[in-house]
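Right, one structure below, let's go through it.
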Amino acid sequence: MKKKIAVDHFKGKSNLAKALGISPASVSQWPDDVPELRAYQIERLTKGKLKADVPRLQQAS
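Numbers given in the numbering used here equal positions in the sequence shown, counted from 1, plus 505.
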């Protein structure tokens, strides 16, 4: 998930940070891709409107 998409969805870094229970400065420090665990958290908060898009581990057959 791209940070810009998440920020736009929540209408700003402050709103995104508040929804996640973190500081806006933390959001600012993210790279272009949202960290994996935060991406899953955002997916849950948006009820799937935003997808984490993180490759899942495949089990060996």
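Yeah, the Cβ is synthetic: ideal placement off N, Cα and C, and Gly gets one too.
- Separation of the CB atoms of Lys518 and Val532 is rounded to 5 Å, and the pair is thereby assigned contact status at 8 Å.
- Gln546 and Val512 have their alpha carbons spaced roughly 14 Å apart.
- Rounded to whole angstroms, the Cβ separation of Asp537 and Lys556 is 16 Å, and the two are not in contact under 8 Å.
- With a beta-carbon spacing of about 6 Å, Ala524 and Leu550 fall inside the 8 Å limit used to define contacts.
- About 4 Å separates the Cβ atoms of Ala544 and Met506, confirming a contact at the 8 Å cut-off.
- Apart from the 5 residues on each side of it in sequence, Phe515 sits with its Cβ closer than 7 Å to the Cβ of Leu521 and Ala524 in its chain, given in chain order.
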